[in-house]
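J.: So the sequences go chain by chain: P and R.
At position 46 of the first sequence the residue is numbered 46 (this note's numbering), and the sequence of numbers has no breaks.
At position 149 of the second sequence the residue is numbered 149 (this note's numbering), and the sequence of numbers has no breaks.
There are 2 protein chains.
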Amino acid sequence: MRKQIEVRQRLLAENERAAAELRDLFARNRMLVTNLISSPGSGKTTLLEATAAALGHDLRLGAVSGDIATERDADRLRRMGIPASQIITGGACHLDARLVTEHLANWDLAALDVLFIENVGNLVCPTSYDLGEDFKVALLSVTEGDDKPFKYPGIFARAAVTVITKIDLLPHVRFDMDAVRNQVRTLNPDTHILQLSCTTGEGVDSWCRLLLNLLDAKRDSMKEDRR
Amino acid sequence: MRKQIEVRQRLLAENERAAAELRDLFARNRMLVTNLISSPGSGKTTLLEATAAALGHDLRLGAVSGDIATERDADRLRRMGIPASQIITGGACHLDARLVTEHLANWDLAALDVLFIENVGNLVCPTSYDLGEDFKVALLSVTEGDDKPFKYPGIFARAAVTVITKIDLLPHVRFDMDAVRNQVRTLNPDTHILQLSCTTGEGVDSWCRLLLNLLDAKRDSMKEDRR
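See below:
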């Protein structure tokens, strides 16, 4: 057990170093990077499809999608006209910074404004691995139930943005939105909480506006740093 | 990386030994044990509530529920009148056989016919850890999308039973049931595939019948072994 903890601590320390290098790389390219984390089927790829449709003409978007198996998510995003590639982990339950670094080696990052890193569908393990992103996004679909933030506190405490998805299904499920918002705020008082449906489009504009604001804010702060 | 693989292999070997002891313990008590694995919010606890309502008078049921945090699942099951306790993993993404062994130390297993082990909500990590169960059950809700078996092949290949949940929501989501059944059968030709809704009750009887048949089959095979 002690050995296991030591190995895990060393892995996390190695990951921190690789993440710091990624963060520098992203900053040099003046790009905004998000790390999307959720259960399988919460709608990460669907949200990115909707984002590509809404912002693809104004911003240069790109995506890397992590998965245990299959190229399916990257295929879907390429069909939306954005450069996308799949990191197949072959069983591993999360992305780490080294995997992302290797994967981006051949990308022209200067050609991107925003990079989405779609993590493996897992509400637990990806939480601990910094990928050099500007912020994490936690997604929770209303069909998953309204007890999830307190049951999986790690991700909701760390994500700067929580997106509650599939709100078109609210009439058909028991889901106390106020309870969920309160749980998320208890874990992370400063988080942005958005509600949306990619089926009806409701709320997608708020998500896109938030991305644009965060990109502007990052670039403005970089200008100030240079003065 | 090599160190990491070595540690993981040792952990899995240790788990196999502990799982073999659990399997003996369960056999001595002539009980059926299932290990339920799914994404967060697929309906594991809800299925166990429905099972307790349907079978609680005929069978002596018990449950242990794994979770990162909160006692909520065990509380729900105790309210259904079955003995239930929570294993709070404090961050760990799966149950292992040692945790289950420690947890069951004070249980009177001879007083049970069926024990449900509700794993941590995670479609990846619990897959590799044998808990001495008779069979694994994979749950997939129709709201998670119809691409999941091929995206998370490990669990669907190993589960003797796949339960597709929340079928009352089929009119409101895109979900190709035949595609999912074909993916599951490709990964695991011998698996039982059930479809049900705990909201309408449709299909719950088939699940209960399957449990009764598997319990009878286990006890019959133990009689034959003794001859």
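The beta-carbon is built from N, C-alpha and C at its ideal position, and this holds for glycine as well.
Since we're looking at a predicted model, the values are computed, not measured.
Counting only the same chain and skipping the five closest in sequence on each side, list residues whose C-beta sits under 7 Å from that of residue 187/P.
T.: 149, 153, 156, 157
J.: For residue 29/R, which residues in the same chain have their Cβ closer than 8 Å to its Cβ, ignoring the five residues on either side in sequence?
T.: 109, 110, 112
J.: When we look at the beta-carbon of residue 221/R and count the other beta-carbons within 10 Å, is it buried (16 or more) or exposed?
T.: Answer is exposed; the Cβ neighbour count stays below 16.
J.: Answer with buried or exposed for residue 79/P, where buried requires no fewer than 16 other C-beta atoms within 10 angstroms of its C-beta.
T.: exposed
J.: Count the CB pairs spanning the segment 170-180 of chain R and the segment 123-136 of chain R that are closer than 8 Å, and state whether there are at least three.
T.: no
J.: By alpha-carbon positions, which one of 68/P, 46/P, 13/P, 60/P ends up nearest to residue 140/P?
T.: 46/P
J.: By the 10 Å Cβ neighbour count, where 16 or more other Cβ atoms means buried, how is residue 189/P classified, buried or exposed?
T.: exposed
J.: Could you check how far apart the C-beta atoms of residue 84/P and residue 15/P are, in whole angstroms? I think they sit under 8 Å.
T.: The pair is not a contact, with the Cβ atoms about 23 Å apart (cut-off 8 Å).
J.: For the candidate residues 122/R, 72/R, 101/R, 218/R, whose alpha-carbon lies nearest to that of residue 25/R?
T.: 101/R
J.: Can you name the residues of chain R whose CB is closer than 9 Å to the CB of residue 69/P?
T.: 150, 151, 152, 153, 154
J.: Using a threshold of 8 Å, state whether the C-beta atoms of residue 250/P and residue 91/P are closer than that.
T.: What is shown of chain P runs 1 to 227, which leaves residue 250/P out entirely.
J.: Check the Cβ of residue 3/P against every Cβ in chain R and list those closer than 7 Å, keeping chain order.
T.: Correct list: 7.
J.: Between which two residues does the alpha helix (DSSP H) harbouring residue 154/R extend?
T.: 153-158
J.: Give me the subset of the segment 41-64 of chain R whose CB atoms are less than 7 Å from a CB atom of chain P, sorted by chain position.
T.: 41
J.: How is the alpha helix (DSSP H) around residue 5/R delimited, first residue to last?
T.: 2-28
J.: Can you pull the chain R neighbours of residue 220/P, defined as C-beta to C-beta under 8 Å?
T.: The contacting residues do not exist; residue 220/P stays about 37 Å from chain R at best.
J.: Does residue 201/P pass the burial test, meaning 16 or more other C-beta atoms within 10 Å, or should it be called exposed?
T.: exposed
J.: With residue 36/P and residue 117/P assumed to form a contact (beta carbons below 8 Å), what rounded beta-carbon distance in angstroms separates them?
T.: 7 Å
J.: For residue 103/P, which residues in chain R fall below 7 Å Cβ to Cβ?
T.: Within chain R, no residue comes near residue 103/P; the closest Cβ sits about 16 Å away, beyond 7 Å.
J.: Taking only beta-carbon atoms, is residue 39/R less than 8 Å away from chain P?
T.: yes
J.: Is the beta carbon of residue 66/R sitting closer than 8 Å to the one on residue 89/R?
T.: yes
J.: By DSSP, does residue 180/R sit in helix, in strand, or in coil?
T.: helix
J.: Determine the closest residue to residue 104/R out of 181/R, 23/R, 223/R, 216/R, with distance taken between C-alpha atoms.
T.: 23/R
J.: If you compare alpha carbons, which of 197/P, 34/P, 204/P is closest to residue 214/P?
T.: 34/P
J.: Within a Cβ cutoff of 8 Å, which residues of the same chain sit near residue 203/P, ignoring the five residues on either side of it in sequence?
T.: 167, 194, 195, 196, 197
J.: Buried or exposed: where does residue 9/P fall if 16 or more other Cβ atoms within 10 Å of its Cβ makes it buried?
T.: exposed
J.: Classify residue 176/R: buried if its beta carbon has 16 or more other beta carbons within 10 angstroms, exposed otherwise.
T.: exposed
J.: Among the candidates 49/P, 54/P, 128/P, 68/P, whose CA atom is the shortest distance from the CA of residue 205/P?
T.: 54/P
J.: Leaving out five residues on either side along the sequence, give the residues of the same chain with a beta carbon under 8 Å from the beta carbon of residue 192/R.
T.: 160, 161, 162, 210
J.: Identify each residue in the segment 104-119 of chain P for which the Cβ-Cβ distance to at least one residue of chain R is less than 9 Å, and report them in chain order.
T.: So nothing in the stretch comes that close.
J.: Provide the residue(s) that pair with residue 135/R in DSSP beta bridges, ordered along the chain.
T.: 34/R
J.: Taking only beta carbons into account, state which residues of the segment 133-148 of chain R come closer than 7 Å to chain P, listed in chain order.
T.: 141, 143, 144, 145, 147, 148
J.: When you compare only the Cα positions, how much space is there between residue 31/R and residue 62/R?
T.: Straight-line Cα distance between these residues: approximately 11 Å.
J.: Starting from residue 74/P, trace the alpha helix (DSSP H) both ways and give me its first and last residue.
T.: 72-79
J.: Counting only C-beta atoms, is residue 124/R closer than 8 Å to chain P at any point?
T.: yes
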